[in-house]
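> Protein sequences, first through last, are from chains A and B.
So the first sequence is numbered by the UniProt record's numbering: it starts at 1 and just counts up by one.
So the second sequence is numbered by the UniProt record's numbering: it starts at 1 and just counts up by one.
Number of protein chains: 2
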Amino acid sequence: MNVRSRHDAIVCSLRRSGTTKIDALALEVGASRRTVLRDIGALRDQGYVIHSDVGRGGGLQLDPQSVQTNARLSVPEVFALLISVAAMRAAGNLPFSELADAGLAKIEKALPADRIRDLRRFLDCLHIGQLSPLQDLSDMGTMVPELLPAFETAFLGQLMLRFDYRDAKGRKSRREVEPQAMLILPPLWYLVGWDPSRADFRHFRMDRISRVEAVEGTRFRHRHVPFEDDVCPYSELQARDRAGHV
Amino acid sequence: MNVRSRHDAIVCSLRRSGTTKIDALALEVGASRRTVLRDIGALRDQGYVIHSDVGRGGGLQLDPQSVQTNARLSVPEVFALLISVAAMRAAGNLPFSELADAGLAKIEKALPADRIRDLRRFLDCLHIGQLSPLQDLSDMGTMVPELLPAFETAFLGQLMLRFDYRDAKGRKSRREVEPQAMLILPPLWYLVGWDPSRADFRHFRMDRISRVEAVEGTRFRHRHVPFEDDVCPYSELQARDRAGHV
DNA sequence: GAAAATAGTGCCAATTCCTGTCACCATTTG
DNA sequence: CAAATGGTGACAGGAATTGGCACTATTTTC
Chain A
1 MNVRSRHDAI VCSLRRSGTT KIDALALEVG ASRRTVLRDI GALRDQGYVI
51 HSDVGRGGGL QLDPQSVQTN ARLSVPEVFA LLISVAAMRA AGNLPFSELA
101 DAGLAKIEKA LPADRIRDLR RFLDCLHIGQ LSPLQDLSDM GTMVPELLPA
151 FETAFLGQLM LRFDYRDAKG RKSRREVEPQ AMLILPPLWY LVGWDPSRAD
201 FRHFRMDRIS RVEAVEGTRF RHRHVPFEDD VCPYSELQAR DRAGHV
Chain B
1 MNVRSRHDAI VCSLRRSGTT KIDALALEVG ASRRTVLRDI GALRDQGYVI
51 HSDVGRGGGL QLDPQSVQTN ARLSVPEVFA LLISVAAMRA AGNLPFSELA
101 DAGLAKIEKA LPADRIRDLR RFLDCLHIGQ LSPLQDLSDM GTMVPELLPA
151 FETAFLGQLM LRFDYRDAKG RKSRREVEPQ AMLILPPLWY LVGWDPSRAD
201 FRHFRMDRIS RVEAVEGTRF RHRHVPFEDD VCPYSELQAR DRAGHV
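1) What residues of chain B sit near THR19(A), judged by a beta carbon separation below 9 Å?
2) Helix, strand or coil, according to DSSP, for GLY157(B) in the structure here?
3) Touch check for the region 170 to 178 of chain B and the region 110 to 125 of chain B: three-plus C-beta pairs under 8 Å?
4) Between the region 185 to 203 of chain A and the region 152 to 159 of chain A, do three or more beta carbon pairs fall short of 8 Å?
5) For MET1(B), decide whether its Cβ has a neighbour in chain A, counting only Cβ atoms nearer than 9 Å.
6) Report the rounded CA-to-CA distance for SER74(B) versus ARG205(B), giving the unit in angstroms.
7) GLY103(A): which of LEU126(A), GLN68(A), CYS12(A), LEU148(A) sits nearest, CA to CA?
8) Any Cβ of chain A within less than 9 Å of the Cβ of ASP229(B)?
9) Only counting the same chain, and skipping five residues up and downstream in sequence, which positions put a Cβ closer than 8 Å to that of LEU43(B)?
10) Just the C-alpha distance for LEU126(B) and VAL212(B), rounded to the nearest angstrom, thanks.
11) Ordered along the chain, which non-local residues of its own chain (more than five positions away) have a Cβ less than 6 Å from that of LEU134(A)?
12) Excluding five sequence neighbours on each side, which residues of the same chain lie with their C-beta closer than 8 Å to the C-beta of GLY30(B)?
13) Output, in sequence order along the chain, the residues in the region 98 to 123 of chain A whose CB is closer than 7 Å to any CB in chain B.
14) For the candidate residues HIS203(B), ALA168(B), LYS169(B), ASP167(B), whose alpha-carbon lies nearest to that of PRO179(B)?
15) So which residues on chain B does VAL75(A) lean against when the C-beta distance must stay under 8 Å?
16) Check whether chain A comes within 9 Å of ARG202(B), counting only Cβ atoms and requiring the distance to be less than that.
17) Identify, in the order they occur along the chain, each residue of the same chain with its Cβ nearer than 6 Å to the Cβ of VAL3(A), setting aside the five sequence neighbours on each side.
18) In this structure, how does DSSP classify ALA100(B) when only helix, strand and coil are distinguished?
19) Please return the same chain residues whose Cβ sits closer than 8 Å to the Cβ of LEU147(B), not counting the five positions on each side in sequence.
20) I'd like the span of the alpha helix (DSSP H) that includes GLY41(B), first residue to last.
21) For SER197(B), which three-state DSSP category applies?
22) Is the CB-CB distance between PRO112(B) and LEU99(A) below 9 Å?
23) Distance check for ALA239(B) and PHE122(B), CA to CA, integer angstroms please.
24) I need the boundaries of the beta strand (DSSP E) containing GLU216(B), first residue and last residue.
25) Please determine, among GLY157(A), TYR165(A), ARG16(A), the residue with the shortest C-alpha to C-alpha distance to ARG219(A).
26) Quick check on DSSP: helix, strand or coil for LYS172(B)?
27) Report yes or no: is there a C-beta of chain B within less than 9 Å of the C-beta of ALA24(A)?
28) ILE83(B) CB to nearest chain A CB: under 9 Å?
29) Does SER32(A) pass the burial test, meaning 16 or more other C-beta atoms within 10 Å, or should it be called exposed?
30) Looking at the strands, I want to know which residues DSSP matches up with LEU123(B).
31) What is the DSSP secondary structure of PRO76(A), counted as helix, strand or coil?
32) On a Cα-Cα basis, can you pick out the residue from LEU27(A), ALA243(A), MET160(A), SER52(A) that is closest to ASP63(A)?
33) What does VAL78(B) touch in chain A if you count any residue whose Cβ is under 8 Å from its own?
34) Just to confirm before moving on: does the CB-CB distance between GLN61(A) and LEU14(A) stay below 9 Å?
35) With H, G and I counted as helix, E and B as strand and the rest as coil, what does DSSP make of MET182(A)?
36) What residues of chain A sit near ARG72(B), judged by a beta carbon separation below 9 Å?
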């Protein structure tokens, strides 16, 4: 019996039976009384709340609120969760968002330090707007998760993004732009890019982007993002989108 | 140097430099070549994708996509994340929500089985509506995370909920109701409860609830929740809320 | 008040597991 | 072929975990 699996077995047993005695636990997991006591201490250090009553009829009791999960997430998954919670908070202060934040903070802390810096830089390129009134979404496509790695690479390495774009009128074209920012106007997302061939900024709706890739060896400088929360109102972009100009 | 911190150091070093040789790694982390090889094996078992090229100019390469985080979350935190992502998806199909779901699925799987069942039952009591047009939120209060444990206990154990309520006109009262459902109409949340003393269903805005507790030993039967997504439109509730009748 | 039951701690020997060394193999590059 | 590199197996020594014991503190029962 491994240390890890023994800890799991102890937590499991404590969860099943309301109150358990140390000797019973020792018998169950096949370890000595002393070892089980050490394990209990380790579990408490890990944050499990285990009450103990001494004397006859005493024993150990696990506070079910303190049961914890140990999930292993990939970086894109963490990032998706971060975006979700951030977007939700922008939609208004939902209940329990503090709790969700606390959870995310823990997840972030578990990442390598340099990865956290990357994430924050990427998040800095993200502008999240207010809830938009419902609009016609009949032609809204789907966004594929495969976008994320390419976007992350391009934003962090300041590389050109190359992708297929289908505009409001259904015309297809292959674009190559310098990614400057991402805008979230639930339920729509936009990429703000500087198009060198047109020498202008362009907005692209994410659901119309496909076959995206970061182009190696095309380092560029970040320009001033033509988008300030309080200067350029989101409503303008939305109006242009509705008019088919995005 | 601990096993754990050595693993971290190796992952970090592999992330920094594109391709690294085992002997260089051994020198860097202050362990022997054999130990580093064992560590690499362990990391691969943990899911890290580490490519290796033998021969001159070879070395190790870490697939950045495979970097993982190992966060330890409490059950309320998991629940808050679940609610966040569910609410966000109801707000429209945001990008990367599939990724967020995948992450949450992993987190859920890491919970004890009976805890998952509880979570699902609790989520079943949750009705998530469409985005509501912006409305006047000047009087919107804040919701405290301390609500969640009491709510969970009450919903799962079918216990009465007792709390202070401040209605639209600012009148305070202490209520005791059978919790039937929760409604999310971003950014507002409502509790649907059966009030025995009034023999009727009542809606309570979450941000007006305080000092909440689940009352022990008051088991009740779930009644038919007077709320069907397609029958009773959310707009009706919103209209009543605006008129100060909630 | 005494006895029994229970959690908890300190100490030390025994055991188990981790680490380093070495020999060796397989593959690629020049 | 030789050099450079990742990878595996065996084994001795060292580090960490475990078990046993004596002991303390508290609560319940008689």
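A virtual CB, placed ideally from N, CA and C, is assigned to each residue, including glycine.
Let me lay it out:
1) In chain order: nothing, as chain B lies at least about 17 Å away.
2) helix
3) Segments in contact, no.
4) no
5) no
6) 26 Å
7) When each option's Cα is compared against that of GLY103(A), the closest is GLN68(A).
8) Caution is warranted here: a pLDDT of 45 is assigned to ASP229(B), below 50, making its placement in the model unreliable, and no coordinate value can be reported.
9) HIS7, ILE10, VAL11, ILE50
10) 18 Å
11) The predicted model places LEU134(A) with a pLDDT of 48, which falls under 50 and marks its position as unreliable, so this point remains unresolved.
12) MET1
13) GLU98, LEU99, ALA100, ALA102, GLY103, LYS106, ILE107, ALA110, LEU111, PRO112, ASP114, ARG115
14) HIS203(B)
15) PRO64, GLN65, VAL67, GLN68, THR69
16) no
17) The answer is none, since no qualifying residue turns up.
18) helix
19) Only MET206, ILE209, VAL212 meet the Cβ criterion.
20) Counting along the chain, the alpha helix (DSSP H) containing GLY41(B) begins and ends at 33 to 45.
21) It is coil, neither helix nor strand.
22) Going by beta carbons, PRO112(B) and LEU99(A) fall outside the 9 Å limit.
23) 27 Å
24) Counting along the chain, GLU216(B) falls outside any beta strand (DSSP E), and DSSP gives it neither H nor E.
25) GLY157(A)
26) Three-state DSSP puts LYS172(B) in a strand.
27) no
28) yes
29) So SER32(A) ends up on the exposed side.
30) Looking at the DSSP assignment, LEU123(B) forms no beta bridge with any residue, so it has no partner.
31) In the structure shown, PRO76(A) sits in a helix (DSSP, three-state: H, G or I).
32) SER52(A)
33) Within chain A, the residues near VAL78(B) are THR69, GLY103.
34) By the CB criterion at 9 Å, GLN61(A) and LEU14(A) fall inside the cutoff.
35) strand
36) By Cβ distance, chain A contributes GLN46, GLY47, GLN68, THR69, ASN70, ALA71, LYS106, ALA110.
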